[in-house]
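So the structure is just underneath, and the comments pick up after that.
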Amino acid sequence: MEATQERKERQEGDISSVFSSLSGEAAVELPARFGELKRQIIGDETNQRSLVESWSRLTKRLGQAAEEIDRKKQNCIPQITYDELTSPSSSPEVIEAIKTTGAFVLKNVIDRKVAEEWLSQTKSYIKANPEVKGFPKDDKQVFELYWSKVQLEARSHPRALEVQKALLNLFSNSKREGNEDVSTKVALSYADRLRIRHPGDARFALGPHADGGSVERWEDPNYRKVYEQILRGNWENFDPWVIQDRVKAEQNMYDGPGSCGVFRAFQGWTSLSSTGPNEGTLRVYPLLKELGAYTMLRPLFREIRPRSTLTQADYLHSSNWELDMQSTSFPGSPLARCQEYNDNTHPHLELNRTMVSMPRVEPGDQAWWHCDMIHSVESTHNGTEPSSVLYIPAVPLTIQNIRYIKDQRINFLKGKPAPDFPGGIGESQFQGRGLDSDITIKEGRQAMGLEAFEIPLDLKEGEKILRRKANEILGF
Ligand SMILES: [Fe+2]
243 MEATQERKER
253 QEGDISSVFS
263 SLSGEAAVEL
273 PARFGELKRQ
283 IIGDETNQRS
293 LVESWSRLTK
303 RLGQAAEEID
313 RKKQNCIPQI
323 TYDELTSPSS
333 SPEVIEAIKT
343 TGAFVLKNVI
353 DRKVAEEWLS
363 QTKSYIKANP
373 EVKGFPKDDK
383 QVFELYWSKV
393 QLEARSHPRA
403 LEVQKALLNL
413 FSNSKREGNE
423 DVSTKVALSY
433 ADRLRIRHPG
443 DARFALGPHA
453 DGGSVERWED
463 PNYRKVYEQI
473 LRGNWENFDP
483 WVIQDRVKAE
493 QNMYDGPGSC
503 GVFRAFQGWT
513 SLSSTGPNEG
523 TLRVYPLLKE
533 LGAYTMLRPL
543 FREIRPRSTL
553 TQADYLHSSN
563 WELDMQSTSF
573 PGSPLARCQE
583 YNDNTHPHLE
593 LNRTMVSMPR
603 VEPGDQAWWH
613 CDMIHSVEST
623 HNGTEPSSVL
633 YIPAVPLTIQ
643 NIRYIKDQRI
653 NFLKGKPAPD
663 FPGGIGESQF
673 QGRGLDSDIT
683 IKEGRQAMGL
693 EAFEIPLDLK
703 EGEKILRRKA
713 NEILGF
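Residue numbering for the sequence shown follows our numbering, starting at 243 and increasing by one per position.
As structure tokens, then:
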């Protein structure tokens, strides 16, 4: 296995470097070329007309959606069991609910006792290694930990891998000869942090944001292609569940400190505690297609009259908005950061009443959200117990992703932070860190790049080619 990597190591730090809202940065005007980009996307008169009509339909829909979401609250979020998701005959209603919402709670993935044991082992690991970095520095809760034995076990747990594959499988990846660009049959292990949020905490308050870069969604031609229907004025035809263009998208054009070096189809966490609404949990905007459409159309429009002069309904009405052919403004899209949302930048989402907290999770349950999903963390934790999660996403096999796994493997073997995260010596000197020999399950080892992928004869040709290339990159 290679001892060096080409990927540049990141500066030491913690999660506050990722969000302009956590680090307290002010909004910065984008360069002039973004005005040009915007005009190019808005296009000719035919497209302009389609966009205006589309915007009118969408903003009307968002108003109704806000009412619905506000009324249903947690009932908007599907709660599905492990068996319902992974069974070969999972019901079309279950799948439809996940696809419409874009986020859900998955119950009974890991045995409750095992998950509780994971929490106590994690606490012991932190105690044995008090030099561990975390945020906030004086009361650490989001830990710069990637290689605890618990994390290795949780990532390679057979039921965790089954879930990840079932989720990847929700994306359509239909190529008759098999796809050389992406396999939704193989889940890779992306090492991320863990959080143990204390009752009373109000500092780890992440505002609404979407991962996967910011202006890249418009600026990178491959990324933009994912949203082509929306940018042509047909938002209703946008399908967030097509994987082909997503895996080719460049999500990090500006070397953002919090950018993700892999295409992550779903972000997710596994809960180690019993945590409900108002206890520092995750919030989402529970309508996937609508939020994708609004995200992409928003910078193409500007208000005519300011909010202060109108009622809320008149301000939001499509007659108060027009195509923006002049400014460079992409609201909530600072360079090198993730896409952020608030009531000023994205008023039609009515985030104050539409960001819904996840229903209560118990130890061993998981929360999942689609890569476009707007998500936030509740600003205060009013519960009585720590709210604790292991971040473990669902990552398909692609060439870009396997290159990352190769670099991640180098860091893992040295005990250094995973390549996407703040650098330094990490856990290399820690007592009780997880090692290569701790990952014993074959599929879990393959997901970490520690063993070659099998290439069964009955696989489609494209998939065989992809797996061969992946093995080659990993040096097998
Ligand atoms: Fe995020």
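We put the beta carbon where it would ideally sit given N, CA and C, even for glycine.
Computed from a predicted structure; not experimentally measured.
Near ligand 1: residue i beta-carbon under 7 Å from a heavy atom
i, result
"Asp-256", "no"
"Gln-509", "yes"
"His-617", "yes"
"His-451", "yes"
Assumed close pair residue i, residue j - CB separation to whole angstroms, cut-off 8 Å
i, j, result
"Gly-740", "Gly-498", "Summary: the structure shown does not reach residue 740, with the chain confined to residues 243 through 718, and so no result is reported for it."
"Trp-297", "Phe-480", "Going by Cβ atoms, the distance from Trp-297 to Phe-480 rounds to 14 Å, so no, they are not a contact pair."
"Tyr-633", "Trp-511", "5 Å"
"His-617", "Trp-610", "The Cβ separation is near 11 Å, so there is no contact."
"Thr-570", "Glu-271", "7 Å"
"Pro-635", "Ile-438", "So it is not a contact: roughly 19 Å between Cβ atoms."
"Gln-486", "Trp-477", "Incorrect: roughly 19 Å between the Cβ atoms, too far for contact."
"Val-457", "Phe-572", "5 Å"
"Pro-661", "Gly-503", "6 Å"
C-alpha distance - residue i paired with residue j, whole-angstrom precision
i, j, result
"Asn-713", "Phe-695", "7 Å"
"Val-428", "Ser-398", "13 Å"
"Asn-371", "Asn-653", "19 Å"
"Val-689", "Gly-376", "For the record, residue 689 in the displayed sequence is Ala; it is not Val. Approximately 26 Å between the Cα atoms of the pair."
"Leu-708", "Arg-645", "13 Å"
"Leu-279", "Glu-373", "46 Å"
"Ala-245", "Phe-718", "The predicted model places Ala-245 with a pLDDT of 44, which falls under 50 and marks its position as unreliable; any figure quoted below should be read in that light. Rounded to the nearest angstrom, the two C-alpha atoms are 15 Å apart."
"Pro-589", "Phe-672", "47 Å"
"Lys-302", "Val-356", "47 Å"
"Thr-323", "Gln-581", "31 Å"
"Ile-641", "Ile-311", "39 Å"
"Ile-340", "Gly-500", "27 Å"
"Leu-409", "Ile-546", "42 Å"
"Gly-676", "Leu-593", "41 Å"
"Gly-666", "Lys-658", "7 Å"
"Leu-293", "Glu-251", "42 Å"
"Ser-332", "Val-619", "30 Å"
"Arg-595", "Leu-300", "18 Å"
"Thr-483", "Arg-275", "Sequence check: residue 483 is Trp here, not Thr. Spanning the two alpha carbons is a distance of roughly 31 Å."
"Ser-704", "Ile-715", "The sequence shown places Gly at residue 704, rather than the Ser named in the question. The straight-line gap from Cα to Cα measures roughly 17 Å."
"Val-631", "Glu-564", "43 Å"
"Met-243", "Glu-395", "Model confidence at Met-243 stands at a pLDDT of 45, short of 50, so the residue's coordinates are unreliable; what they give is reported in the following sentence. Straight-line Cα distance between these residues: approximately 22 Å."
"Gln-383", "Gln-393", "16 Å"
"Phe-206", "Pro-320", "Beyond the ends of the chain as shown, which are 243 and 718, falls residue 206; an answer cannot be given."
For residue i, the residue or residues it bridges with in DSSP
i, result
"Gly-376", "Phe-385"
"Gln-321", "Val-347"
"His-451", "Glu-582 and His-617"
"Tyr-633", "Trp-511"
"Leu-436", "Phe-385 and Leu-632"
"Arg-525", "Ser-599 and Ser-618"
"Thr-301", "Thr-301 is not bridged to any residue."
"Trp-563", "Glu-545"
"Thr-517", "Val-603"
Nearest neighbour of residue i, chosen from the options [CA to CA]
i, options, result
"Tyr-469", "Ala-535, Arg-506 and Gly-518", "Ala-535"
"Pro-548", "Lys-369, Asn-562, Pro-541 and Ala-636", "Asn-562"
"Gly-625", "Ser-329, Ser-515 and Val-484", "Ser-515"
"Leu-529", "Leu-692, Ser-670, Val-598 and Pro-400", "Val-598"
"Pro-601", "Glu-335, Leu-348 and Ala-308", "Leu-348"
"Thr-343", "Asp-614, Val-631 and Lys-711", "Asp-614"
"Met-495", "Arg-579, Val-351, Asp-678 and Thr-288", "Arg-579"
"Leu-539", "Arg-506, Leu-524, Gln-486 and Gly-475", "Gly-475"
"Asn-350", "Asp-566, Leu-699 and Ser-513", "Ser-513"
"Ala-507", "Gln-568, Ser-414 and Pro-698", "Ser-414"
"Gly-574", "Leu-692, Asp-700, Gly-449 and Ile-257", "Gly-449"
"Thr-328", "Lys-315, Gly-420, Pro-400 and Asp-381", "Pro-400"
Min CB distance residue i to chain D below 8 Å
i, result
"Glu-714", "The structure shown has no chain D; it contains just one protein chain."
heavy atom of ligand 2 below 7 Å from residue i C-beta
i, result
"Lys-365", "What this structure holds is ligand 1, not ligand 2."
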